[in-house]
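Asker: Top line first, the protein sequences correspond to chains A and Y.
The working numbering puts the first sequence at residues 980 to 1492.
The working numbering puts the second sequence at residues 934 to 1227.
Cβ atoms here follow ideal geometry from the backbone N, Cα and C, with glycine treated the same way.
Sending over a structure as structure tokens; questions will come in a sec.
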Amino acid sequence: MSELAERFETHDPGEKQIAEKIRCDACPVMCYIADGRTGACDRYGNVGGRIVRMDPLTILDHAAETGAAVVPFVAEGEAWNGELVNTGRRFVTAIGAGTTYPDYKPAPFIVSQEVEGVDLVTVVTEGIFSYCGVKVKIDTDRHIGDETAIVRAGGEAIGHVTTGEYGSQMVSLGGVHHLTGGSKQEGRATCDALLNLCNRKPVELTIDGGATVIVEAGKAPVIDGKVEHRMRVGCGSATIGMFATQWCGLVDEVVVVDDHITGVVSEHQAGKVLGWEDTGIKIIGRRSTPGRYFKVSEPGLGWGGTSISDPLSILGDWNAKKGARPGLSLLMVSTTGEQFAYYELDDDLKPVEKPFPERLQKSVGLIEDNCEPALCTVLFIGGAGGSLRAGVTENPVNLTRSVQGLKTYVTVGGAPVYVWPGGGITLMVDVTRVPEGAFGYVPTPALVAPIEFTMRRDDYVRLGGYEGEIRSVEDILARGGEYLNPRSNTGAPVNNPWPPLAQLRRAAANGAR
Amino acid sequence: MQGPQAHWLADGRRLHLNHGPIDLIVEAFGEPDECRAAYAQAVDRFQAILMELVNELPELRLPAFFLAPRDFEGPTARRMEAAVIPLAECFITPMAAVAGSVADEILTAMLAGRQLDRAYVNNGGDCALHLDENQLMTVAIAGTGNGMADRVTIRTEDGVRGVATSGWRGRSFSLGIADAVTVLARTGAEADAAATLIANAVDLPGHPAIGRVSARDLAPDSDLGAQLVTQSVGPLSPGEAARALDNGLVVAEDFRRRGLIAASALFLAGEARISGSVALAASNKSPGKEVAHA
């Protein structure tokens, strides 16, 4: 379905034809606005049959690549004029640019810049993404829900749990089926959750048959009310491998409890090479290779991502014939070092918990130190549709080819993106690299994201670009655009390259110059 | 489309909440931890408030019936209806109280389980106030230079927790010609609704210097429909301004005597009238002034 058709769905047929009155879709009130008037908010108005936005168009000032965000110095031959940042490297983002909807007409801004002697053009628009979603990586070994389990926000299905990654659980949210394929409430809840996640706000997700997780891009996940601090250092078996020498001589047996592979040092290859003696331990679970056990328990929120709160529950009877003896010492620890306990066998060969000995503190601390901080990572994923591409060139497929051929550099609010190989322009961007508040929505529901295409001017003209619409950065700073909104200068996020230069360097690396 | 926005103002002290036409300035005073929690509660409550109103917007734009309340689902919508019902002898829709009701709703959410000395939620001039024991808050009002103080001090014991201003120069349409009518009442919603009707009554029906346009022509989906709203006011003679103000004062006094509002101040063309007293008046010149405590 085209974006154009979808946008019309939110209106009654014929509504747009009411003479000189337009329906503003800047907020859910959706005022009708008469010509020359503003809506209830006083910030959007009807100027000659067009919604005029008073919010500023965002222009990023890129600091020199030294990484400093604010640099009151002379740079690139431009004398410092009292502004806080080096103004030599400006980038007109699509934030606040407006869209080409509903006409197939040139994008709101087509900006030219000369960089290192090459004329570059950046085409700037806000895209309406009906096909979009977010991929969320939640750093935790805790079981948050089964693969394919439904993920909900506000009670509505908005996505599902997908295949987990090393040390992380993965969740896939949004997509056209949740946005527009279900009930109105489902679409609204999905759009709300996506918008908040993309704008780096916290969102509470509940997983059918699983946990409740609060996800906020760049922050630690909160799982069933508990903040997750660390990623595991490795699976239980890997942990044994890494730390066996540290434990050797200090303790008779070590069990690293893990949801995936629980490790036992006396049986494990890493223990064997150190000459570790048998202890007669019995693990209740499916043995994989010596000292490595699958499925010691159901996944859960206990030790090492299992459902275990008492680690002794995974142990069977101790076998005296294979080395068990009164006084034998046992360390049990999780893969993050967050849970640990120390036991000694009594005369009946039953483990009894004892105060945790000083000599083992170091190894447990080392496991914890080796665990990276747990974060939530949110990637926006969306496909650039027909009308968006038509705003860039008269022949939209040329843009796709140019992007695929690395001749066009795509950014979202100035942030670099990953473009999927294959057909179309399907891109992913880390929302923490996009300036704050850059994402919006329309009531379709669909997300609005800024998108910029940067390429050589001659390439742009060749692919059927709107040469007559090209304007200089200075002109845009001075006069703004069709939407007449003011311009606002903001410092670009420090780690984002300046898009025109990034494209030039990439082209050079590919021999395209 | 922009979702709800929450930002600190440049002073780092006041919270700015914006979503579509709702524009709130929020400030809390008290223990820092309590204030922080209160701000978080305000932001939390703010997320859905506009959508809740939009869901019932068509019904909220229809007139209320005197003492016959309708059943609304949203808590803010219920506040709006409750505030206009006692005033619905003449035309009024719940939209007359929308700004004050939103302020009340956010303030209530902020205070839940919190201990604050003072707090306010200012929704474009329509405010909800919180005052703990033995507190006072000073509010700036428009229309100074008429022998009026430009500050009103509200004390805990006054029972005033809402301040609202209405007039044809403001963002909402008015049927009258008042430059501004400021009302003090028990809640933001009640102050907002009363200010709207008093400002409507400050009028000179049929006066040629007053430019009026059908609300529908200005805002096609206005709750005022085809009613004529004030778009310009030409020069008025002192006698005319006084007559218009006195028309409004009749309504203001009626509301005050019925206990619907605590006090009000009416401004037009450099003249003013005061109804009631919460230390509103610096001078005693106004003919309508009575000394009565709210």
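On the DSSP bridge list, what partners appear for D1237 of chain A?
Answerer: D1237 of chain A is not bridged to any residue.
Asker: In the DSSP assignment, find the unbroken alpha helix (DSSP H) run with Q1164 of chain A in it and report its ends.
Answerer: Run containing Q1164 of chain A: 1163 to 1177, per the alpha helix (DSSP H) assignment.
Asker: Strictly below 7 Å CB to CB, what residues from chain A border R1104 of chain Y?
Answerer: Result: D1021.
Asker: I'd like to know if G993 of chain A contacts chain Y, where contact means its C-beta is closer than 8 Å to some C-beta of that chain.
Answerer: Since pLDDT at G993 of chain A reaches only 41, below the 50 mark, its modelled position is unreliable, and the value read off the structure follows with that caveat. So no, G993 of chain A is outside the interface.
Asker: Taking 8 Å as the CB-CB cut-off, is K1222 of chain Y touching chain A?
Answerer: Because the pLDDT of K1222 of chain Y is 31, which lies under 50, any placement of that residue in the model is unreliable, and the question is left without a value.
Asker: If the cut-off is 8 Å on Cβ atoms, which residues from the stretch 1181 to 1212 of chain A count as contacting chain Y, listed in chain order?
Answerer: Listed by position, the residues of the stretch 1181 to 1212 of chain A near chain Y (Cβ gap below 8 Å) amount to none.
Asker: Check each candidate in A:D1021, A:K1000, A:N1178, A:I1202 and name the one with the smallest Cα separation from I1117 of chain A.
Answerer: Of the candidates A:D1021, A:K1000, A:N1178, A:I1202, the one whose C-alpha sits nearest the C-alpha of I1117 of chain A is A:I1202.
Asker: Checking 8 Å against the spacing of the C-beta atoms, do I1360 of chain A and M1311 of chain A come in under that value?
Answerer: Against a cut-off of 8 Å, the Cβ pair of M1311 of chain A and I1360 of chain A comes out as no contact.
Asker: Given that a residue counts as buried once 16 or more other Cβ atoms are within 10 Å of its Cβ, and exposed if not, what is D1156 of chain Y?
Answerer: When all chains shown are included, D1156 of chain Y counts as buried.
Asker: Measuring only the C-alpha atoms, how far is V1166 of chain Y from A1174 of chain Y?
Answerer: Between V1166 of chain Y and A1174 of chain Y, the C-alpha separation is close to 11 Å.
Asker: Residues of chain A with CB closer than 8 Å to the CB of D1154 of chain Y, please, in chain order.
Answerer: Result: C1010, Y1011.
Asker: Could you give the first and the last residue of the continuous beta strand (DSSP E) run that contains D1059 of chain Y?
Answerer: 1059 to 1064 is the extent of the beta strand (DSSP E) around D1059 of chain Y.
Asker: Between S1276 of chain A and I1287 of chain A, which are expected to be in contact by the criterion C-beta below 8 Å, what is the C-beta distance as a whole number of angstroms?
Answerer: The pair is a contact, with the Cβ atoms about 5 Å apart (cut-off 8 Å).
Asker: Hey, quick one: how far does the beta strand (DSSP E) through P965 of chain Y stretch, first residue to last?
Answerer: Run containing P965 of chain Y: none in the beta strand (DSSP E); it sits in the alpha helix (DSSP H), 965 to 988.
Asker: What's the call for K1301 of chain A, buried or exposed, on a 16-neighbour Cβ count within 10 Å?
Answerer: K1301 of chain A should be labelled exposed.
Asker: Exposed or buried, what is A1052 of chain Y when buried is set at 16 or more other beta-carbons lying within 10 Å of its beta-carbon?
Answerer: When all chains shown are included, A1052 of chain Y counts as buried.
Asker: Between which two residues does the beta strand (DSSP E) harbouring P1429 of chain A extend?
Answerer: Where P1429 of chain A is concerned, the enclosing beta strand (DSSP E) stretches over 1425 to 1435.
Asker: For the stretch 1321 to 1353 of chain A, which residues have a beta carbon sitting closer than 8 Å to at least one beta carbon of chain Y?
Answerer: Residues passing the 8 Å Cβ filter: none.
Asker: Mind checking whether the beta-carbon of R1012 of chain Y lies closer than 7 Å to any heavy atom of the ligand COA?
Answerer: Only the bare structure without any ligand can be found here, which leaves the ligand COA out of the picture.
Asker: Using Cβ-Cβ distances below 9 Å, what residues of the stretch 951 to 968 of chain Y are close to chain A?
Answerer: Those residues of the stretch 951 to 968 of chain Y that come within reach of chain A (Cβ to Cβ, closer than 9 Å) are N951, H952, G953, P954, I955, D956.
Asker: Taking buried to mean at least 16 other C-beta atoms within 10 Å of its own C-beta, is P1269 of chain A buried or exposed?
Answerer: So P1269 of chain A ends up on the exposed side.
Asker: Could you give the DSSP three-state label for D1050 of chain Y: helix, strand or coil?
Answerer: It is coil, neither helix nor strand.
Asker: Take L1069 of chain Y and list the residues in its own chain whose beta-carbon comes closer than 6 Å to its own, dropping the five residues that flank it on each side.
Answerer: The answer, listed in chain order, is T1086, R1088.
Asker: Just list the residues that DSSP pairs P1352 of chain A with in beta bridges.
Answerer: Answer by DSSP bridge pairing, in chain order: A:R1209.
Asker: So what does DSSP say about A1086 of chain A, is it helix, strand or coil?
Answerer: A1086 of chain A falls in the coil class under three-state DSSP.
Asker: Under 8 Å by Cβ, that's how I've got C1493 of chain A and H940 of chain Y pegged, so tell me the actual separation to the nearest angstrom.
Answerer: One cannot answer for residue 1493 of chain A here, as it falls past the ends of chain A, which runs 980 to 1492.
Asker: Using a cut-off of 8 Å between C-beta atoms, extract the partners of D1150 of chain Y located in chain A.
Answerer: Neighbours of D1150 of chain Y on chain A, chain order: A1013.
Asker: Give the residues of chain Y in contact with K1000 of chain A, contact being defined as C-beta atoms less than 8 Å apart.
Answerer: Chain Y residues near K1000 of chain A: P1153.
Asker: Could you work out which residues of chain A lie near V987 of chain Y, taking near to mean beta carbons separated by less than 9 Å?
Answerer: Result: C1006, P1007, V1008, M1009.
Asker: Taking Cβ positions, are I1143 of chain Y and L1137 of chain Y nearer each other than 8 Å?
Answerer: Contact: yes.
Asker: Please report whether the beta-carbon of R1016 of chain A lies at a distance below 8 Å from any beta-carbon of chain Y.
Answerer: Closer than 8 Å: yes.
Asker: In terms of residues, what are the limits of the alpha helix (DSSP H) holding Q1482 of chain A?
Answerer: Taken as a continuous stretch (DSSP letters only), the alpha helix (DSSP H) holding Q1482 of chain A covers 1478 to 1488.
Asker: Using only alpha-carbon positions, find the residue among A:A1481, A:I1089, A:E1256, A:T1141 that is nearest to E1453 of chain A.
Answerer: The candidate whose alpha carbon is nearest that of E1453 of chain A is A:I1089.
Asker: If we ignore side chains and look at the alpha-carbon of each, how far apart do A1425 of chain A and E1351 of chain A end up?
Answerer: Between A1425 of chain A and E1351 of chain A, the C-alpha separation is close to 35 Å.
Asker: Kindly give me the distance between the Cβ atoms of V1162 of chain Y and L1151 of chain Y, rounded to whole angstroms, as I take these residues to be in contact under 8 Å.
Answerer: Right, the Cβ-Cβ distance comes to about 7 Å (below 8 Å), so this counts as a contact.
Asker: With a 10 Å radius around its C-beta and 16 neighbouring C-beta atoms as the bar for buried, classify S1107 of chain Y as buried or exposed.
Answerer: Buried, since its Cβ has 16 or more Cβ neighbours within 10 Å.
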